[in-house]
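To start, the structure under review is shown below, and the notes come after it.
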Amino acid sequence: MNRATHIIIGFSAGLLVGGSSLYSLLYGVSGALGAYIPDIKHPPYRRRKSTHNIVIPVLLLVITYSTYMLISTNTHNPIVLFTAEISTKSLYAISIGWLTHVFTDSLSAGGVYPLWPFSEKVIRLTRLRSNSLALNLFGLLIAFTLLYLWLIMSGLNDVVEEFIKNLLRSLS
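For the sequence shown, the numbering used here begins at 32 and goes up steadily by one.
Okay, structure coming up:
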């Protein structure tokens with residue numbers, strides 16, 4: 032899958048982390064960042080294995096959750112709690128964006144190493160090349176499905192539907 036498609040999927044997944052929060056855009060950007068991270072260039076002999084696995088984002092989720100629980104149960108300071116919540120959801124979005132990248136790359140011929148460094152097993156669900164039109168269109172379908180779910184969660188779907196109806200009415 033190409034980088035832009037990964038970023039769009041990560042952004043849409045990040046929006047879902049935010050739900051109807053005012054900070055959903057921040058979480059969308061965090062999700063996009065997480066989806067971009069696995070493609071940052073590393074030494075070529077390690078990049079795919081070291082970044083195209085679920086170990087790192089799952090570890091990040093566990094550490095983030097544990098830290099948030101520790102902070103939230105030991106303080107009643109609203110500023111600290113607010114900061115902890117924003118930081119936690121941003122890190123969740125980064126992890127979710129990374130996981131969407133790993134999942135969607137499992138659909139390409141390059142495959143992924145989901146449990147590296149514990150296992151060298153490669154998972155390839157298709158033999159499609161990452162620049163394949165079909166694969167990237169499928170990725171965009173995933174992204175728009177996530178975006179539509181976010182619109183429903185945030186209550187914006189009615190606004191968007193009304194806008195589209197008015198736009199179509201004005202064009203005809």
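Ideal Cβ placement from N, Cα and C applies to all residues, glycine included.
### Task
Starting from Phe113, follow the alpha helix (DSSP H) in both directions and report where the run begins and ends.
The continuous alpha helix (DSSP H) containing Phe113 extends over residues Pro109 to Asp136.
### Query
Comparing the C-beta of Leu64 with each C-beta of chain D, is any distance below 8 Å?
The structure shown contains no chain D; it holds only a single protein chain.
### Task
Check whether the segment 79-94 touches the segment 154-161, counting contact only when three or more Cβ pairs, one atom from each stretch, lie closer than 8 Å.
With the cut-off at 8 Å, the segment 79-94 and the segment 154-161 do not touch.
### Message
Taking the beta carbon of Lys120 as the centre, do at least 16 other beta carbons fall within 10 Å, making it buried, or is it exposed?
### Response
When all chains shown are included, Lys120 counts as buried.
### Query
Which one of Gly41, Ala35 and Lys72 has the shortest CA to CA distance from Ser61?
Closest by alpha carbon: Gly41.
### Query
The alpha helix (DSSP H) spanning Tyr54 covers which residue range?
Here Tyr54 belongs to no alpha helix (DSSP H), and DSSP marks it neither H nor E.
#### Entry: Contacts around Asn162, its chain only, beta-carbon distance under 7 Å, and the 5 residues preceding and following it disregarded
For Asn162, the CB contacts under 7 Å within the same chain, skipping 5 residues up- and downstream, are Asn33 in chain order.
### Query
From Thr36, Ile38, Gly49 and His37, pick the residue whose C-alpha is nearest to that of Gly186; which is it?
Here the closest residue by C-alpha is Gly49.
### Whole-angstrom distance between Ala44 and Gly59, CA atom to CA atom
One alpha carbon belongs to Gly59, the other to Ala44, and they sit about 7 Å apart.
### Task
Rounded to whole angstroms, what's the CA-CA distance from Leu46 to Leu199? Just pull it up for me.
Taking the straight line from one Cα to the other gives about 27 Å.
### Task
Could you tell me the boundaries of the alpha helix (DSSP H) in which Pro88 lies?
Val86 to Asn105 is the span of the alpha helix (DSSP H), which, as asked, contains Pro88.
### Separation of Glu193 from Gly170, as counted between CA atoms
Annotation: Gly170 to Glu193 spans about 27 Å, alpha carbon to alpha carbon.
### Task
Could you name the residues of the same chain whose beta carbon sits closer than 7 Å to that of Ser103, not counting the 5 residues immediately before and after it, in chain order?
The residues Leu112 and Ala115, in chain order, have a CB closer than 7 Å to that of Ser103 in the same chain once the five nearest residues on each side in sequence are set aside.
### Query
If we ignore side chains and look at the alpha-carbon of each, how far apart do Ala165 and Arg79 end up?
The alpha-carbon separation between Ala165 and Arg79 amounts to approximately 22 Å.
### Task
Can you check DSSP and say which residues form a bridge with Ile154?
Looking at the DSSP assignment, Ile154 forms a beta bridge with Val143.
### Task
Would you kindly check if the distance between the Cβ of Tyr67 and the Cβ of Ile85 is under 8 Å?
It is not a contact, given that the beta carbons lie outside the stated cut-off.
### Task
Round the Cβ separation of Trp129 and Pro69 to the nearest angstrom and send it over; I've been treating them as touching at under 8 Å.
With a Cβ gap of about 6 Å, Trp129 and Pro69 count as contacting.
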